[in-house]
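Colleague:
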Amino acid sequence: MYTKTLRDLDWDAVYLRYLPKVKAAKSTADYYRVLMEMCALLKDAHTNVYPPETLYDNIYAKPDISTEFIENRVIINRIHDDNLKQRGIVRGTEITHVNNIPVQDYMQQSLGSVISASTAQDRNIRLFTYQFLSGPMAEKLTLTVRDAEGNMTTSPITRVSYEQRHGSGAGPFSWRMLPGQIAYVALNSFGDDTAANEYLKAFPDISKAKAIIFDVRRNGGGSGDVGFRILKTLSPKPFATSHAATRNYLPSMRAWGRPDTMHDFSDELEQADPTHQFAGKVVVLTSAMTFSAAEDFAVAFDGMKRGVMMGEATGGSTGQPLMLSLPGGGRARICTKQDTYPDGKAFVGIGVQPHIVVHPTIADFRANRDTVLEAAIAEVNK
437 MYTKTLRDLD WDAVYLRYLP KVKAAKSTAD YYRVLMEMCA LLKDAHTNVY
487 PPETLYDNIY AKPDISTEFI ENRVIINRIH DDNLKQRGIV RGTEITHVNN
537 IPVQDYMQQS LGSVISASTA QDRNIRLFTY QFLSGPMAEK LTLTVRDAEG
587 NMTTSPITRV SYEQRHGSGA GPFSWRMLPG QIAYVALNSF GDDTAANEYL
637 KAFPDISKAK AIIFDVRRNG GGSGDVGFRI LKTLSPKPFA TSHAATRNYL
687 PSMRAWGRPD TMHDFSDELE QADPTHQFAG KVVVLTSAMT FSAAEDFAVA
737 FDGMKRGVMM GEATGGSTGQ PLMLSLPGGG RARICTKQDT YPDGKAFVGI
787 GVQPHIVVHP TIADFRANRD TVLEAAIAEV NK
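Note that this note's numbering has the sequence shown beginning at 437, numbered continuously upward.
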């Protein structure tokens with residue numbers, strides 16, 4: 437964290453205010469909730485408190501469904517809960533209430549104070565998708581839902597453990613050729629080298645397309661270098677990536693009352709891939725789920741002037757966290773790096789802005805249509 441981000445937050449006062457709350461915690465779970473609440477005040481998604489794994493079923497248990505936040509409403513995507521299936525609840529159903537409380541109010545009351553998020557769009561994704569209905573496994577929940585015809589029903593739902601939940605099933609990389617010789621390339625994770633390796637492996641076929649649409653809408657990050665390997669195939673020219681800096685802490689300077697200084701990392705240009713080059717049209721799709729290293733990818737692509745970004749603003753958080761161990765087996769991380777566009781333009785706390793804003797719609801989602809992808813195809817075909 438950087439002192440200039442604390443202009444509106446007296447951190448020393450926060451510390452003193454939370455000391456009695458920590459002392460009053462009656463259990464390890466209570467203790468960690470207090471720490472998570474305190475940390476969330478910093479409004480940085482790369483600065484978090486994580487409870488020990490032994491508490492996951494008390495904090496991170498959730499129903500075996502996945503949801504989307506579309507048009508400011510919570511919409512069911514995948515359903516693995518047999519009880520909901522038996523009641524005829526299907527993909528596209530809207531969740532309106534939880535335990536007779538409007539769904540957004542319920543989530544604000546239950547988790548709103550402990551979510552570490554850098555932007556409003558990032559916060560919404562965490563509340564209504566990633567951590568939706570997270571809580572103690574034994575707690576009883578009742579959902580009120582509305583189908584596409586407006587019919588309302590209620591249904592009990594149970595939470596399952598972190599290990600029992602079904603994942604999205606999406607791997608780090610996939611691609612397919614769309615009609616009109618448009619290559620659709622999904623880059624879902626930069627957590628390891630898979631996305632770049634598989635892209636380069638498929639490049640002889642991908643490069644036959646007249647245009648490439650890169651989809652990083654569900655990419656939560658990993659290593660920026662993975663994404664840069666892909667961008668190197670889009671131009672024969674070197675390109676800049678985010679500018680990064682970190683604080684210099686010099687005790688003598690503090691003793692003399694001098695301000696902190698920053699260490700700027702050298703801005704070395706990424707060099708083009710001489711053996712893999714694509715000269716056709718390029719579109720990058722982004723959303724609020726585009727996060728961390730995927731945002732570094734978006735920033736670099738934006739600076740390359742190689743194509744257009746379409747969709748929604750990204751999550752607005754990247755950096756290098758410092759990991760710390762906490763009493764009771766939990767962990768914390770603190771962001772130690774400040775990232776901006778090469779010219780100093782901010783995107784952390786704001787989000788990388790698409791050139792063409794396109795929002796998904798509930799109607800298209802229910803019809804299994806991808807609003808943003810269809811807009812990108814139309815853009816390519818202009």
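Think of the CB as a built atom: it goes at the ideal place given N, C-alpha and C, for glycine as much as any other residue.
Please read these numbers as outputs of a predicted model, since none were measured by experiment.
1) Tell whether a beta-carbon distance below 7 angstroms holds between residue 819 and residue 591.
2) If we count Cβ pairs, one from each stretch, closer than 8 angstroms, do we get three or more for the segment 674 to 685 versus the segment 771 to 782?
3) Is it true that the segment 523 to 539 meets the segment 450 to 470, where meeting means three or more beta-carbon pairs spaced less than 8 angstroms apart?
4) Considering Cα atoms alone, identify which of 570, 543 and 577 is closest to residue 520.
5) Does the beta-carbon of residue 549 have 16 or more other beta-carbons within 10 angstroms, so that it is buried, or is it exposed?
6) Can you grab the Cα-Cα spacing for the pair residue 459 / residue 467, in whole Å?
7) Taking buried to mean at least 16 other C-beta atoms within 10 Å of its own C-beta, is residue 793 buried or exposed?
8) Quick check for students: name the residue ranges of the beta strand (DSSP E) that lie wholly in the segment 726 to 795, counting only runs of 3 or more.
9) Cβ atoms of residue 759 and residue 791: under 7 angstroms apart, would you say?
10) From 563, 482, 564 and 584, pick the residue whose C-alpha is nearest to that of residue 800; which is it?
11) Quick check on residue 620: buried or exposed, where buried means 16 or more other Cβ atoms within 10 Å of its Cβ?
12) Pick out whichever of 572, 596, 654 and 586 has its Cα sitting closest to the Cα of residue 610.
13) In whole angstroms, what is the alpha-carbon distance linking residue 826 and residue 691?
14) Excluding the five sequence neighbours on either side, which residues of its own chain have a C-beta within less than 7 angstroms of the C-beta of residue 713, listed in chain order?
15) Counting only runs of 3+ residues fully inside the segment 588 to 634, write out the beta strand (DSSP E) ranges in chain order.
16) Between the alpha carbons of residue 596 and residue 735, how many angstroms are there, rounded?
17) Of all the options 498, 622, 514 and 515, which has the alpha carbon lying nearest to the alpha carbon of residue 572?
18) May I have the straight-line CA-CA distance separating residue 554 from residue 616, to the nearest angstrom?
19) CA-CA distance, residue 588 and residue 581?
20) Grab the span of the beta strand (DSSP E) containing residue 507 for me, first residue to last.
21) Identify every residue that forms a DSSP beta bridge with residue 722.
22) When the Cβ atoms of the segment 738 to 756 are set against those of the segment 688 to 703, are three or more pairs found closer than 8 angstroms?
23) Quickly, what does DSSP pair residue 498 with across the bridge? List them, please.
24) Give the secondary structure of residue 518 by DSSP, where H, G and I count as helix, E and B as strand, and everything else as coil.
25) Just mark residue 631 as buried or exposed, buried being the case when its beta carbon has 16 or more other beta carbons within 10 Å.
26) From 755, 763, 586 and 803, pick the residue whose C-alpha is nearest to that of residue 782; which is it?
27) Report, in whole angstroms, the separation of the C-beta atoms of residue 606 and residue 659, which I expect to be a contact under 8 angstroms.
28) Leaving out five residues before and five after residue 507 in sequence, what residues of the same chain have Cβ atoms less than 6 angstroms from its Cβ?
29) For residue 579, which of helix, strand or coil comes out of DSSP?
30) Between the beta-carbon of residue 647 and the beta-carbon of residue 816, is there less than 7 angstroms?
31) Figure out for me which residue from 513, 526, 544 and 538 has the closest Cα to the Cα of residue 603.
32) Straight-line CA distance for residue 665 to residue 709?
Modeller: The answer reads as follows:
1) The structure shown does not extend to residue 819, since the chain is modelled only from 437 through 818, so no value can be given for it.
2) Counting C-beta pairs with one atom in each stretch, the segment 674 to 685 and the segment 771 to 782 have three or more that are closer than 8 angstroms, which means they touch.
3) With contact defined as three or more Cβ pairs closer than 8 angstroms, the segment 523 to 539 and the segment 450 to 470 are not in contact.
4) For the residues 570, 543 and 577, the minimum Cα distance to residue 520 belongs to 577.
5) Burial call: exposed.
6) Separation of residue 459 and residue 467 (C-alpha to C-alpha, rounded to the nearest whole angstrom) is 8 angstroms.
7) Result: exposed.
8) Counting whole runs of 3 or more residues, the segment 726 to 795 contains the beta strand (DSSP E) stretches 744 to 747, 757 to 761, 767 to 771 and 774 to 776.
9) No.
10) With respect to the C-alpha of residue 800, the residue from 563, 482, 564 and 584 having the closest C-alpha is 584.
11) Buried is the call here.
12) Nearest C-alpha to residue 610: 654.
13) The question about residue 826 has no answer here: the residues shown for the chain are numbered 437 through 818.
14) Cβ within range, chain order: 669 and 672.
15) You should have 588 to 593, 609 to 614 and 618 to 623.
16) Their backbone Cα atoms lie some 38 angstroms apart in a straight line.
17) Nearest option by C-alpha distance: 498.
18) Distance between the alpha carbons of residue 554 and residue 616: 39 angstroms.
19) Distance between the alpha carbons of residue 588 and residue 581 is about 6 angstroms.
20) No beta strand (DSSP E) holds residue 507; DSSP gives it neither H nor E.
21) DSSP lists 747 as the beta-bridge partner residues of residue 722.
22) With the cut-off at 8 angstroms, the segment 738 to 756 and the segment 688 to 703 do not touch.
23) 596.
24) Under the three-state reduction of DSSP output, residue 518 falls in the helix class.
25) Per the 10 Å Cβ criterion, buried.
26) Looking only at 755, 763, 586 and 803, the smallest Cα-Cα distance to residue 782 is reached by 755.
27) Wrong, their Cβ atoms sit about 19 angstroms apart, outside the cutoff.
28) Sequence-distant Cβ neighbours of residue 507 in its own chain, meaning closer than 6 angstroms and more than five residues away, are 798.
29) The answer is strand: DSSP assigns residue 579 an E or B state.
30) Cβ atoms of residue 647 and residue 816: closer than 7 angstroms.
31) Proximity to residue 603 across 513, 526, 544 and 538 peaks at 513, based on C-alpha coordinates.
32) If I take the Cα positions, the gap works out to 8 angstroms.
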